[in-house]
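Here the structure is laid out as structure tokens; the discussion comes afterwards.
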Amino acid sequence: MLRTVLHLAAAPIALGRVATASRVRRLGTLVSVDTGEPVVALTFDDGPHPEYTPRLLDILRRHDARATFFVIGERVAEHPGVTARITQEGHVLANHTWSHPRMTDVTGESRREEIRRCAEAIAPFGGVRLFRPPQGRQSVSSRMDVHRMDHDCVAWSAHLEDWLPQSPAALTARLRAALTPGAIVVLHDAIWDPMVEGAENRDAVLDAVEVILTEMSGHMRFVTVPELLVAGVGNRKPWITA
Ligand SMILES: [Zn+2]
5 MLRTVLHLAA APIALGRVAT ASRVRRLGTL VSVDTGEPVV ALTFDDGPHP
55 EYTPRLLDIL RRHDARATFF VIGERVAEHP GVTARITQEG HVLANHTWSH
105 PRMTDVTGES RREEIRRCAE AIAPFGGVRL FRPPQGRQSV SSRMDVHRMD
155 HDCVAWSAHL EDWLPQSPAA LTARLRAALT PGAIVVLHDA IWDPMVEGAE
205 NRDAVLDAVE VILTEMSGHM RFVTVPELLV AGVGNRKPWI TA
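Residue numbers 5 to 246, in my numbering, belong to the letters of the sequence shown in order.
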């Protein structure tokens, strides 16, 4: 399957269509950025949430940190006020589908509809064409659908398994360990479909973010994914899970 992607990637260059070169490069899925600068992109999935997202925005504002929010379209429709705050306060609003299906489990038509509806939901708030597949699940054909919908695909270099209940101390230690230059870290300001009881509670995540932002003040900058891409060269991988 990988060979298919490489073949498709090579074709436009062979035809000399220089303008498509950047689009071809984007066929890989962004996992981190190669940079010597002390910059990290914190990303928050599955929101916006009416309680946790405003609390998180307060923490980020106090520490002059920026983040990228991969939101679910249905939740944007339910919480437009919180959504508006995200971009008003300098963060990036990005696409995590309309209703969070595994992209590998639905038809191509459904995938494109999920991306399109979320894109329409976030557009009035200044949302951008960055996409993260739910649970990071991706096939060659789902990746091509993202490309067809003219979105760039963003995965991560580290996650903290924060969809499982953990103590603030444990999450803080894992977050600290994830902070290498150019890292893209996945966190959740909401949980779409909690696998275990209590997982929807985000208090420990908010505590960990507060502790780390305090600790790293003056040592590390917390930026959006587009800002991270300005600081270095994107590290892109096939990221095919099915
Ligand atoms: Zn998700």
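Don't be surprised by glycine CBs; every beta carbon is placed ideally from N, CA and C. Computed from a predicted model, the values in this text were never measured in an experiment.
Compare the Cα-Cα distances from A71 to each of V234, I188 and A203 and report the closest residue.
Taking the sequence shown and counting its residues from 1, one reaches residue 71 at position 67. Comparing Cα positions, the closest option is I188.
Under 7 Å from any heavy atom of ligand 1, does the C-beta of W196 make it?
In the sequence shown, the residue the question calls residue 196 occupies position 192. W196 Cβ: within cutoff of ligand 1.
Give me the Cβ distance between F129 and T91, rounded to the nearest whole Å; I'm assuming they're in contact under 8 Å.
Along the sequence shown, read from residue 1 onward, the residue named residue 129 stands at position 125. Along the sequence shown, read from residue 1 onward, the residue named residue 91 stands at position 87. Yes, F129 and T91 are in contact; Cβ-Cβ is about 5 Å, under 8 Å.
Opposite I188 in the DSSP bridges: which residues?
Along the sequence shown, one-based indexing puts residue 188 at 184. Per DSSP, A45.
Ligand 1 and H104: does any heavy atom of the ligand fall closer than 7 Å to the residue's C-beta?
As a first step, residue 104 is located in the sequence shown; it is residue number 100 there, counting from the start. Yes, the beta carbon of H104 sits closer than 7 Å to at least one heavy atom of ligand 1.
Compute the minimum distance between the beta carbon of D109 and the heavy atoms of ligand 1, and state whether it is under 7 Å.
In the sequence shown, counting from the first residue as 1, residue 109 sits at position 105. Not so, every heavy atom of ligand 1 lies at least 7 Å from the Cβ.
What are the uninterrupted segments assigned as alpha helix (DSSP H) that are 4 or more residues long and contained completely in the stretch 97–184, given in chain order?
With a minimum length of 4 residues, the continuous alpha helix (DSSP H) runs that stay inside the stretch 97–184 are 112–126, 144–152 and 172–182.
Taking 7 Å as the cut-off, is the CB of P52 close to at least one heavy atom of ligand 1?
Indexing the sequence shown from 1 puts residue 52 at position 48. No; taking the cut-off as 7 Å, the Cβ of P52 has no heavy atom of ligand 1 nearer than that.
Using only CA atoms, which one of E55, V44, R115 and I126 lies nearest to A88?
Within the sequence shown, residue 88 is the residue found at index 84, counting from 1. Among E55, V44, R115 and I126, the Cα nearest to that of A88 is on I126.
Measure the alpha-carbon distance for H104 versus D193 and round it to whole angstroms.
Translated into the one-based positions of the sequence shown, residue 104 becomes position 100. Translated into the one-based positions of the sequence shown, residue 193 becomes position 189. Answer to the nearest angstrom: the Cα atoms are 15 Å apart.
Rounded to whole angstroms, what's the CA-CA distance from P242 to S36? Just pull it up for me.
Here the question's residue 242 lines up with position 238 in the sequence shown. Here the question's residue 36 lines up with position 32 in the sequence shown. Spanning the two alpha carbons is a distance of roughly 13 Å.
Taking 7 Å as the limit between beta carbons, can you name the residues of its chain near L233, skipping five residues before and five after?
Locating residue 233 in the sequence shown gives position 229, counting from the first residue. Once the five neighbours on either side are set aside, the close Cβ partners of L233 are V37.
For T33, list the residues DSSP reports as bridge partners.
Residue 33 sits at position 29 when you count from the first residue of the sequence shown. DSSP output for T33 lists K241 as bridge partner(s).
Does DSSP put A13 in a helix, a strand or coil?
Along the sequence shown, one-based indexing puts residue 13 at 9. Residue confidence is low: A13 scores 38 on pLDDT, short of 50, so the model does not pin down where it sits. Its coordinate-derived value is still stated next. Of the three classes helix, strand and coil, the one that applies to A13 here is helix, per DSSP.
Using 8 Å as the threshold, is the stretch 210–226 in touch with the stretch 116–124, meaning 3 or more CB pairs across them?
The answer is no - the stretch 116–124 does not touch the stretch 210–226, with fewer than three Cβ pairs under 8 Å.
My output table needs one value for T72: the three-state DSSP class, helix, strand or coil.
For the purposes of this step, residue 72 is taken as residue 68 along the sequence shown, with counting starting at 1. Strand.
Where V75 and P138 are concerned, what is the direct C-alpha to C-alpha distance, given to the nearest angstrom?
Counting from 1 along the sequence shown, the entry for residue 75 is found at position 71. Counting from 1 along the sequence shown, the entry for residue 138 is found at position 134. For V75 and P138, the distance between alpha carbons rounds to 10 Å.
A173 to L210, Cα distance in whole Å?
Here residue 173 corresponds to residue number 169 of the sequence shown, with the count starting at 1. Here residue 210 corresponds to residue number 206 of the sequence shown, with the count starting at 1. Going by the C-alpha atoms only, they are around 12 Å apart.
From the DSSP output, in three-state form, read off R66 for me.
Here residue 66 corresponds to residue number 62 of the sequence shown, with the count starting at 1. If DSSP states are grouped into helix, strand and coil, R66 belongs with the helices.
Just the C-alpha distance for P42 and H163, rounded to the nearest angstrom, thanks.
As a position in the sequence shown, residue 42 is number 38, starting the count at 1. As a position in the sequence shown, residue 163 is number 159, starting the count at 1. The straight-line gap from Cα to Cα measures roughly 19 Å.
Exposed or buried, what is E214 when buried is set at 16 or more other beta-carbons lying within 10 Å of its beta-carbon?
Counting from one through the sequence shown, the residue named residue 214 turns up at place 210. Result: buried.
Does the beta-carbon of A81 have 16 or more other beta-carbons within 10 angstroms, so that it is buried, or is it exposed?
The residue labelled residue 81 in the question sits at position 77 within the sequence shown. By the neighbour-count rule (16 or more Cβ atoms within 10 Å), A81 is not buried but exposed.
Cβ of H100 versus every heavy atom of ligand 1: is any distance shorter than 7 Å?
Position 96 of the sequence shown holds residue 100. Yes, since a heavy atom of ligand 1 falls inside the 7 Å radius drawn around the Cβ of H100.
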